[in-house]
Structures are given as C-alpha cells and as structure tokens.
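Letter by letter, the sequence shown follows residues 143 to 394 of my numbering.
Don't be surprised by glycine CBs; every beta carbon is placed ideally from N, CA and C.
What follows is a set of notes on a single structure, which appears directly below.
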Amino acid sequence: EQKTEAGTKVKKNSTVQVVVSSGLVGNKLTIPDVSGRSESEAQSMLEQSGFKKITSEFEFSDSVAEGDVIGTTPAAGATEDTQIVMKVSKGAEKKTVPNVIGKADADAQSAIAAAGLSVGTVSYDYNDNVPEGQVVSQSIDGGKKVAAGTAVGISVSLGPKPAEKVSVPPVTNTSLDNARQLISSAGLSVGNITYQYDASVGIGNVISCDPGVGSSVEEGTAINLVISQGAEPGPSSGPSNDSPGPEGGITE
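So, in structure tokens, the structure goes:
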C-alpha cells in the first residue's frame, strides 16, 4: 500500500511512502530443519516452532531410512498459518522377484538382473524330474518384494544322475560260486555262463569274464563268465565224470 493515495496532487520532489507486502499473513516463523528426524519427532519440532497446519506425504528414498523425514515444503519463509508438508521416506523402492523356476539357466539370470536384483549363488545338482539346464528352485520366491540389489540364488538341474561306476571284481581262477558272490557284492549281476576246456585252470573255476576284471562299468551290468572243464580229454578216453558242464561251448 502507499500512504499518499493515487491521484493526490503533491509538490515536486515530495516523498511518497510505499509499504510493500511480504505476502505473509501473521507472524513470520523459522522452519526448523527436520530432515533425518522421525516423523513424530519432526511433527513435535514444527509444532514447538509455532506451526499449526502440518501434514505428511510419503515417497521412496534411497538415502533416507523408512519413516524418517526427507524435508519440508516450504523449506523457509512461513507463518503459523502456512501449510507445512513433511516429506516422509518410504525407504528404498522395493523390487519384485521374478519367478524363474523352469527357465533356462542363462534366461533366469538375465531376468533377475533385469528386475534390479543381483544373481546370488548358482548351484548345480542332479534331478530326475527337471531337464538339464533348467532352474529347479530359487532362494526367494517369485512375486516377493525386496530391496533393490537383493541377491537371488538359483539351483539348476544337471538332469538325471548317471548310474554309478563300479569295477569288475577279480573273479578269474576262483570257483563259480565265489565268482557269483563277488559279482553280486560289487552291485553287478551274473550274465551268461559258458563252459570250455582249459588245462591251466582247475575244473569249475573261472577262466575269464566279460567285461574283464578291473573294467569300470555301470551298476547292474551283467558279467559273462567262462568256466573251466579242465583239460580236454584225449581221443581214447571218454568225458571226465568230474566235468561240471557239457563239452565245449555250452552255456547256462
């Protein structure tokens, strides 16, 4: 406002007093710095400073802990009747964990990274029900909200577990019964049994086996045996009564 009304005639070089408004109604107050304070503590500080109209708005913040005040609007130049808005942190914005079960290993890791998360421990194990290279499980369930950068581990299938390998036991020059026992104890089975003459191996003992002694085979593999009938009888003598099987090459 001005003290001398507009249109009033005054002498040249007269002083006209003008009052300029600050735009504020009521007593001007200082807004305290409440950043980093809890919402309730900041509310109390503002009220003690003389402010009456105080509200809160919430927003995500990577630097201010959840529940603490980021700042106020306005930050300065207010009266007791000014509406003070406290900006309160909701903490860092949460990320949604993707469901990667059943995805290929590489695709699953890409999906985790694309969601703003990090790939945690990746383990590999045999699985009879999930094809090789696909994700069997994940350390955090899909759909869960977590902080950005949270590590999500995955377990990837190697497919069905191969059969265990075992060595063919030393069955040569041992009796058939003993050979059967050795083969069974090794997790193998007895296959075809063939009889043949062999003067160097006692009657009823194992001449050879197939696969051979010491071979690495899968559990349950059938081991074929060749059993000695002793020395082959001469032209003038008949078959030995001690022979455990028929002559030459007959199998059980």
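{"Asked": "Using the beta-carbon count (16 or more within 10 Å), is A321 buried or exposed?", "Found": "buried"}
{"Asked": "State the Cα-Cα distance for the pair D210 and S191, rounded to the nearest angstrom.", "Found": "19 Å"}
{"Asked": "Would you mind reading off the limits of the beta strand (DSSP E) that contains Q225?", "Found": "225-231"}
{"Asked": "Taking only three categories from DSSP, how would you classify Q280?", "Found": "strand"}
{"Asked": "Among A255, P174, G291, whose alpha-carbon lies nearest the alpha-carbon of T221?", "Found": "P174"}
{"Asked": "If you follow the beta strand (DSSP E) that Q371 is part of, which residue opens it and which one closes it?", "Found": "First-last for Q371: undefined, no H or E at that position."}
{"Asked": "Are V277 and D247 touching if we call contact CB-CB under 8 Å?", "Found": "yes"}
{"Asked": "Who are the Cβ neighbours of I282 in its own chain at under 6 Å, not counting the five residues just before and after it?", "Found": "V239, V294"}
{"Asked": "Given 8 Å as the limit, is there contact between the stretch 363-374 and the stretch 327-346, that is, 3 or more CB pairs closer than that?", "Found": "yes"}
{"Asked": "With 16 other CB atoms within 10 Å as the buried threshold, where does P311 fall?", "Found": "buried"}
{"Asked": "Assuming Q280 and I243 make a contact with CB atoms under 8 Å, what is their CB distance in whole Å?", "Found": "6 Å"}
{"Asked": "In or out: S342 buried (at least 16 other Cβ within 10 Å) or exposed?", "Found": "exposed"}
{"Asked": "Could you name the residues that DSSP lists as bridge partners for K287?", "Found": "T238"}
{"Asked": "Hey, A234 and A289: beta-carbon distance below 8 Å or not?", "Found": "yes"}
{"Asked": "If you drop the 5 nearest sequence neighbours on each side, which residues of the same chain put their C-beta closer than 8 Å to that of F202?", "Found": "S231, K232, G233, A234, E235"}
{"Asked": "Apply the 10 Å Cβ neighbour rule to K245 and answer buried if 16 or more other Cβ atoms are within range, or exposed otherwise.", "Found": "buried"}
{"Asked": "Under a Cβ-count criterion, where at least 16 other Cβ atoms within 10 Å of its own Cβ denotes burial, should Q225 be classed as buried or exposed?", "Found": "exposed"}
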